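Below: one structure, written as structure tokens.
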Amino acid sequence: MFINLKRVIRSGSLNFWRNGSVALASILVLTTTLLVIGSLYLGSAFLTSTLASIRDRVDISVAFKTEAEESAVLALKKDLEQLPEVKTVTYSSREQELADFRKRHEDNALLIQSLEEVGNPFGARLSILAINPAQYDSISRFLSNYNENAGVTGGIIDQISFKKDIIAKLLAIISTSQTIGLAISALLILLSILVTVNTISLTIYIAREEISVMRLVGANNSYIRGPFIVEGVIAGGIASFISIVLLYPSVLWVRNLTAGVYGGIDLVSFYISHFGILFLILLGSGIILGTVSSFLAIGRYLKV
């Protein structure tokens with residue numbers, strides 16, 4: 001058994017290097033497909049990171065009336081922190097709100113002078129970050145009910161605001177992008193298999209006399225298929241190495257384009273830290289594509 005396996009591997013390797021032009025065509029087709037697969041993997045990571053970044057930026061902002069007691073605001077903060085939907089609650093006092101406003105408009109002397117005349121017009125503020133963006137509606141309802149039962153005419157809350165439309169639109173964009181990416185990947189994989197099958201068929205045609213001799217001496221179907229499958233595995237392996245190398249300059253180019261998008265993602269660092277996983281994905285995909293293509297070519301054209 002091991003002797004036959006050794007012969008199959010040796011025969012497949014020799015045939016691969018002998019049929020240089022055909023092997024090169026197979027490698028180019030597989031490399032193109034693997035580059036798309038690798039790009040989709042990196043793109044998916046970028047979209048996921050972007051979503052996480054925006055989730056951390058979009059929160060519920062609760063502005064309180066100026067007459068609201070600090071103890072009442074802090075009591076609400078404590079109640080909010082007990083909710084399972086809430087990730088964090090940040091408190092900003094009236095004085096901090098005024099200081100932040102002054103800093104944002106420090107170049108507007110007229111506005112600063114107006115503040116000196118009217119005093120502090122700001123109430124305290126709570127910024128609430130949910131564990132899941134879908135839970136903001138629930139938190140908003142809790143705040144509305146709390147305000148109605150606060151025991152103060154009109155309640156202590158002046159305004160509740162959160163940008164749920166941003167999350168909804170982003171989720172829709174990412175879902176659409178992932179669907180399109182999967183569709184493109186599936187299409188390219190199918191085209192890659194079809195082109196590689198036809199390419200490997202040339203190798204089979206070239207080796208038709210050798211195959212006839214193998215049949216005459218009683219070689220079984222597995223032994224005949226073996227060398228061609230080895231060729232497919234070699235082509236897929238080489239294509240995966242080429243793809244992983246070509247992806248690096250690509251992420252270098254993309255890095256500058258993505259660094260400023262909602263905090264962005266350093267694709268170079270991601271590429272380096274996930275190099276092992278990415279390489280295994282490409283290597284496995286390349287070997288599977290090469291093997292499947294070879295198997296289909298033999299089954300279709302040799303009828304063995």
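For the sequence shown, full-length UniProt numbering begins at 1 and goes up steadily by one.
C-beta: ideal position from N, C-alpha, C; glycine also.
Note that this is a predicted model, so its numbers are computed, not measured.
Residue i - containing alpha helix (DSSP H), residue span
{"i": "Val-73", "result": "70–81"}
{"i": "Ser-140", "result": "136–148"}
Cβ distance (whole Å) where residue i is taken to contact residue j below 8 Å
{"i": "Phe-162", "j": "Ser-140", "result": "7 Å"}
{"i": "Pro-227", "j": "Gly-20", "result": "Not confirmed; about 16 Å, so no contact."}
{"i": "Asp-79", "j": "Ile-128", "result": "Contact doesn't hold; Cβ gap of about 11 Å is too wide."}
{"i": "Leu-267", "j": "Val-292", "result": "Not confirmed; about 30 Å, so no contact."}
{"i": "Thr-33", "j": "Ser-273", "result": "Incorrect: roughly 24 Å between the Cβ atoms, too far for contact."}
{"i": "Tyr-248", "j": "Tyr-271", "result": "6 Å"}
{"i": "Ser-93", "j": "Glu-69", "result": "Not quite, the Cβ-Cβ distance comes to about 12 Å (not below 8 Å), so this is no contact."}
{"i": "Leu-111", "j": "His-105", "result": "5 Å"}
Span separating the alpha-carbon of residue i from that of residue j
{"i": "Ser-285", "j": "Gly-236", "result": "8 Å"}
{"i": "Ile-204", "j": "Gln-178", "result": "38 Å"}
{"i": "Leu-246", "j": "Ser-39", "result": "11 Å"}
{"i": "Leu-42", "j": "Arg-125", "result": "39 Å"}
{"i": "Tyr-262", "j": "Leu-47", "result": "A caution first: Tyr-262 carries a pLDDT of 47, below 50, which makes its placement in the model unreliable, though a value can still be read off. Near 11 Å, if we compare the C-alpha coordinates of Leu-47 and Tyr-262."}
{"i": "Leu-182", "j": "Val-36", "result": "10 Å"}
{"i": "Val-217", "j": "Glu-209", "result": "13 Å"}
{"i": "Val-73", "j": "Phe-101", "result": "20 Å"}
{"i": "Arg-18", "j": "Leu-202", "result": "13 Å"}
{"i": "Lys-169", "j": "Arg-57", "result": "15 Å"}
{"i": "Gly-119", "j": "Phe-142", "result": "32 Å"}
{"i": "Leu-187", "j": "Arg-225", "result": "27 Å"}
{"i": "Thr-196", "j": "Ser-26", "result": "6 Å"}
{"i": "Ile-166", "j": "Leu-257", "result": "22 Å"}
{"i": "Val-213", "j": "Leu-283", "result": "34 Å"}
{"i": "Ile-281", "j": "Pro-84", "result": "37 Å"}
{"i": "Ile-184", "j": "Asn-15", "result": "33 Å"}
{"i": "Gly-123", "j": "Asp-107", "result": "23 Å"}
Three-state secondary structure (DSSP) of residue i
{"i": "Asp-107", "result": "coil"}
{"i": "Ile-128", "result": "strand"}
{"i": "Gly-123", "result": "coil"}
{"i": "Asn-19", "result": "coil"}
{"i": "Val-197", "result": "helix"}
{"i": "Val-217", "result": "coil"}
{"i": "Glu-67", "result": "coil"}
Residue j beta carbon less than 8 Å from that of residue i
{"i": "Leu-24", "j": "Ala-239", "result": "no"}
{"i": "Val-86", "j": "Ala-52", "result": "no"}
{"i": "Ile-189", "j": "Leu-28", "result": "no"}
{"i": "Val-89", "j": "Ile-157", "result": "no"}
{"i": "Tyr-146", "j": "Leu-76", "result": "yes"}
{"i": "Ile-244", "j": "Phe-279", "result": "yes"}
{"i": "Thr-176", "j": "Val-22", "result": "no"}
{"i": "Ile-242", "j": "Ser-294", "result": "no"}
{"i": "Pro-121", "j": "Thr-66", "result": "yes"}
Extent of the continuous beta strand (DSSP E) run through residue i
{"i": "Val-268", "result": "It is not in any beta strand (DSSP E) - Val-268 instead sits in the alpha helix (DSSP H) that spans 267–273."}
{"i": "Ala-63", "result": "60–64"}
{"i": "Phe-162", "result": "157–162"}
{"i": "Ser-92", "result": "86–92"}
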